[in-house]
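Undergrad: Sharing a structure, written as structure tokens. Questions coming.
There are 2 protein chains.
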Amino acid sequence: MEEFKLHIIGCGSANPMKKYHPACQILSMRGKLFMVDCGEGSQMRLAGRGLHINRIGHIFISHTHGDHCFGLPGLISTMGLLGRVSQLHIHAPEELRSFIDIILTDFCQEMDYEVIFHPVDTKAHQLVYEDKSIEVYSLPLRHRVPCCGYLFREKPLQPHIRREMIDAFDIPFSQIANIKAGMDWTTPDGTVIPNHRLTIPADPPRSYAYLSDTAYKPSLAELIQGVDLLFHEATFDAASALRARQTYHSTTTQAATVALKAEAKRLVIGHFSARIKDEQAYLREAQEVFPNTLLAHEAMAIDI
Amino acid sequence: MEEFKLHIIGCGSANPMKKYHPACQILSMRGKLFMVDCGEGSQMRLAGRGLHINRIGHIFISHTHGDHCFGLPGLISTMGLLGRVSQLHIHAPEELRSFIDIILTDFCQEMDYEVIFHPVDTKAHQLVYEDKSIEVYSLPLRHRVPCCGYLFREKPLQPHIRREMIDAFDIPFSQIANIKAGMDWTTPDGTVIPNHRLTIPADPPRSYAYLSDTAYKPSLAELIQGVDLLFHEATFDAASALRARQTYHSTTTQAATVALKAEAKRLVIGHFSARIKDEQAYLREAQEVFPNTLLAHEAMAIDI
């Protein structure tokens, strides 16, 4: 199967702590890296994970709180120092634009590459990026400032060729692409070999949803139905639901409820606060609602 | 002796690396912390050193290259999150102002404390800050953008009281301040006890100079004559003098030459590049010119 992997780089929240770093994730997909949020220090931590920053083509930022974007000045500068020439695309709420502009005008005048800012409407669920293999959709979240999550969805994949059938019917190499695209094969004597005998069905397209930061918003489940992997913030334990609501964050139980309603395959919880003492207790709370829950940690790499 | 200590927080240069972090130092002095430069991630590393960020009253920034100031957004935000109310003063080249402004307007609207920006003329050697115990002077450096170092100089200290003499002459407590200030004591029978019999001379005022980043500029030695501790950048080894000149940096030998001309007591070299393989070779090169050289490292705390 093609690579489709989530790397957790930082899974803490705003207060700096020794244990967790601010938000950053990398989704690696067929050699390309997509960055999701970029807290302070992210570039240093990528270096330790063998994820070369100049393989990042697109960065998706959820909102303009520092723990989700203060790693951008350093990252953008370093990309330039390392001789990048290809464009970098930053997808983020409009509110981030002036910060990016200052970085570029005051610190990056001599860079050889271009940074292109794409404002994302945080109130809309819509396509914000696509290439030949992936689509990325915005997911409107409820936070203290305009904020959105992102849904990454593979495009339908082509079926696998059954090599032995190709050989048996002596089908020329030039026809492989047509057969992958669904064509039947007609032998020289006029026999039609149906496509399903020549191919193995494609792997189902995979998907990943990132929901951080947000107050409990169960309606999100409809937008991410059947998602393979869901990251949902769980800044607070179940007992702190009031505090979560006041600060527009979620609890363990709320994160798990969204995963359950979405019929997600797996849930990862993170965005831990400096107050957290017992992560296992957080995990147990989430698993009571949604058993297939994992606890984020900063060496985590999950095949989706 | 009163505390006057340099903590090296980051002694690397622009390219992020696992071994060294970007520039940041803390000068701790009688309970107060002065920060010098603030590369990305500095706040996280202070947390691990027991240096509470809200004890920092003044920050001195040398220039607007990211490896010297990209830790400011996170630091300023976290100070607010931690409930700071006292003013924070940032002394820096005028070129940094718009970056600070954006941080404050776009990310820190709800903070309870004020950030005051003090532009520093990087072409002048002049007093940029003083309080009752310290003076800070700018030191014009030669770099690709406006850049200055800083000289921290204790104000003359008061002499120590000789307790046994105070007791012997039965001098009232109310007169201690006067005697520290230099007054002689006249006994009830009219005998004058000269001040030098009542006191032990004050410790000589100490000083620290920070020179990073700069092309070789031996005339700096005049401005820091007799400095107790000099930090001088040594981005390159002695063999790379041409490359150093081209990039407006210094070599080991050049750093040591400035220390020698300044008759400094001790030299610390740092601002190591990602290319550095053998720090001990750097140290040996500097020590050939100036034997009392130390190699910066990121757990270093030096009593001045």
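Chains L and W supply the protein sequences, listed in that same order.
So that you can map any letter, position 5 of the first sequence is 5 in this note's numbering, and since no number is skipped, the others follow by simple counting.
So that you can map any letter, position 106 of the second sequence is 106 in this note's numbering, and since no number is skipped, the others follow by simple counting.
From the three backbone atoms N, C-alpha and C, an ideal C-beta is built for every residue, glycine too.
Nothing here was measured: the structure is a model prediction, and the numbers come from that model.
#1: Within a Cβ cutoff of 6 Å, which residues of the same chain sit near residue 273 of chain W, ignoring the five residues on either side of it in sequence?
#2: Going by C-alpha to C-alpha distance, which of L:300, L:303, L:126, L:268 sits closest to residue 287 of chain L?
#3: Please report the straight-line C-alpha distance between residue 156 of chain L and residue 106 of chain W, rounded to a whole angstrom.
#4: What is the rounded straight-line gap between the Cα of residue 225 of chain L and the Cα of residue 258 of chain L?
#5: Just to confirm before moving on: does the CB-CB distance between residue 298 of chain L and residue 21 of chain L stay below 8 Å?
#6: Using a threshold of 8 Å, state whether the C-beta atoms of residue 176 of chain L and residue 199 of chain L are closer than that.
#7: Identify every run of the alpha helix (DSSP H) within the region 226 to 281 of chain W, keeping only runs that are complete inside it and at least 4 residues long; order them along the chain.
#8: Among L:64, L:98, L:73, L:35, which one has its Cα closest to the Cα of residue 57 of chain L?
#9: Could you give the residue range of the alpha helix (DSSP H) that holds residue 105 of chain W?
#10: Taking only beta-carbon positions, decide if residue 294 of chain W is within less than 8 Å of chain L.
#11: Could you tell me which residues DSSP puts in a beta bridge with residue 27 of chain L?
#12: Starting from residue 95 of chain L, find everything on chain W with Cβ-Cβ shorter than 8 Å and list it in chain order.
#13: Residue 61 of chain W touches chain L at which residues, Cβ-Cβ below 7 Å?
#14: Does DSSP classify residue 160 of chain L as helix, strand or coil?
#15: Check the Cβ-Cβ distances between residue 77 of chain W and every residue of chain L, and say whether any is below 8 Å.
#16: Please name the residues in the region 220 to 253 of chain L whose beta-carbon is closer than 7 Å to at least one beta-carbon of chain W, in chain order.
#17: Determine, using beta carbons only, whether residue 6 of chain W comes closer than 8 Å to chain L.
#18: Where does residue 307 of chain L land, buried or exposed, given buried means 16+ other C-beta within 10 angstroms?
#19: For residue 15 of chain W, would you say it is in contact with chain L, using Cβ-to-Cβ distances shorter than 8 Å as the test?
#20: Residues of chain W with a CB under 7 Å from the CB of residue 308 of chain L: which are they?
#21: At a CB-CB cut-off below 9 Å, which residues of chain W make contact with residue 98 of chain L?
#22: Okay, do the region 139 to 151 of chain L and the region 207 to 225 of chain L touch, 3+ Cβ pairs below 8 Å being the bar?
#23: Could you tell me whether the Cβ of residue 305 of chain W comes closer than 8 Å to any Cβ of chain L?
#24: Taking only the alpha-carbon atoms, compute the straight-line gap between residue 153 of chain W and residue 127 of chain L and give it to the nearest angstrom.
#25: Using a Cβ-Cβ cut-off of 6 Å (strictly less than) and excluding sequence neighbours within five positions of residue 112 of chain L, which residues of its own chain qualify?
#26: Can you pull out the residues from the region 32 to 50 of chain L whose beta carbon lies closer than 7 Å to at least one beta carbon of chain W?
#27: Going by C-alpha to C-alpha distance, which of L:52, L:173, L:256 sits closest to residue 284 of chain L?
#28: Name the DSSP beta bridge partners of residue 136 of chain W, please?
#29: Residue 117 of chain L touches chain W at which residues, Cβ-Cβ below 9 Å?
#30: So residue 315 of chain W packs on residue 203 of chain W, CB below 8 Å; how close in whole Å?
#31: Given that residue 70 of chain W touches chain L, what residues does it touch there, using C-beta distances under 7 Å?
#32: In terms of residues, what are the limits of the alpha helix (DSSP H) holding residue 293 of chain L?
#33: What does residue 10 of chain W reach in chain L if we use C-beta pairs closer than 9 Å?
#34: Please report the distance separating the alpha-carbon of residue 104 of chain W from that of residue 71 of chain W.
#35: Should residue 305 of chain W and residue 88 of chain W be called a contact, given that it needs their Cβ atoms to be closer than 8 Å?
#36: Going by C-alpha distance, which of L:142, L:29, L:11 is nearest residue 135 of chain L?
TA: Looking at the atomic coordinates:
#1: Counting only Cβ-Cβ distances below 6 Å, and skipping sequence neighbours, we find 13, 235.
#2: Each of L:300, L:303, L:126, L:268 was checked against the Cα of residue 287 of chain L, and the nearest Cα belongs to L:268.
#3: Residue 156 of chain L and residue 106 of chain W have their C-alpha atoms roughly 40 Å apart.
#4: Each residue's Cα considered, the two are about 10 Å apart.
#5: With a cutoff of 8 Å on beta-carbon distance, residue 298 of chain L and residue 21 of chain L are scored as near each other.
#6: Not closer than 8 Å, so no.
#7: Considered as a whole, the region 226 to 281 of chain W harbours 241 to 246, 252 to 261 as its complete alpha helix (DSSP H) runs of no fewer than 4 residues, in chain order.
#8: Answer by Cα proximity: L:35.
#9: 97 to 107 is the extent of the alpha helix (DSSP H) around residue 105 of chain W.
#10: Judged by the 8 Å Cβ criterion, residue 294 of chain W is not in contact with chain L.
#11: For residue 27 of chain L, DSSP records a beta bridge to L:6, L:34.
#12: Neighbours of residue 95 of chain L in chain W, taken as residues whose beta carbon is under 8 Å from its own, are 106 in chain order.
#13: Ordered by position in chain L, no residue passes the 7 Å Cβ test against residue 61 of chain W, which lies about 13 Å from the chain.
#14: Residue state, collapsed to three classes: strand.
#15: So, interface residue.
#16: Listed by position, the residues of the region 220 to 253 of chain L near chain W (Cβ gap below 7 Å) amount to none.
#17: Residue 6 of chain W does not count as touching chain L.
#18: Absent from the model: residue 307 of chain L. The displayed extent of chain L is 1 to 304, so no value can be given.
#19: Chain L, which has a Cβ nearer than 8 Å to the Cβ of residue 15 of chain W, makes this yes.
#20: Only positions 1 to 304 of chain L appear in the structure, and residue 308 of chain L is not among them; the question remains open.
#21: What residue 98 of chain L touches in chain W: 102, 105, 106.
#22: The region 139 to 151 of chain L vs the region 207 to 225 of chain L: in contact.
#23: Since the displayed chain W opens at 1 and closes at 304, residue 305 of chain W lies outside it and no answer follows.
#24: As the crow flies, the alpha-carbon of residue 153 of chain W is around 59 Å from that of residue 127 of chain L.
#25: Contacts found: 85.
#26: Residues passing the 7 Å Cβ filter: 40, 41, 43, 44, 47, 48.
#27: Minimum Cα distance to residue 284 of chain L is reached at L:256.
#28: Residue 136 of chain W is bridged to W:129, W:152.
#29: By Cβ distance, chain W contributes nothing, its closest Cβ being about 14 Å from residue 117 of chain L, past 9 Å.
#30: Summary: the structure shown does not reach residue 315 of chain W, with chain W confined to residues 1 through 304, and so no result is reported for it.
#31: Identification of chain L residues near residue 70 of chain W by a Cβ-Cβ cut-off of 7 Å yields 73, 74, ordered along the chain.
#32: Segment 293 to 295 is the beta strand (DSSP E) holding residue 293 of chain L; no alpha helix (DSSP H) there.
#33: Those do not exist, as residue 10 of chain W stays about 10 Å from chain L at its closest Cβ, beyond 9 Å.
#34: Going from the Cα of residue 104 of chain W to the Cα of residue 71 of chain W covers about 14 Å.
#35: Coverage of chain W is limited to positions 1 through 304, which leaves residue 305 of chain W absent and any answer about it impossible.
#36: For residue 135 of chain L, the closest of L:142, L:29, L:11 by C-alpha to C-alpha distance is L:29.
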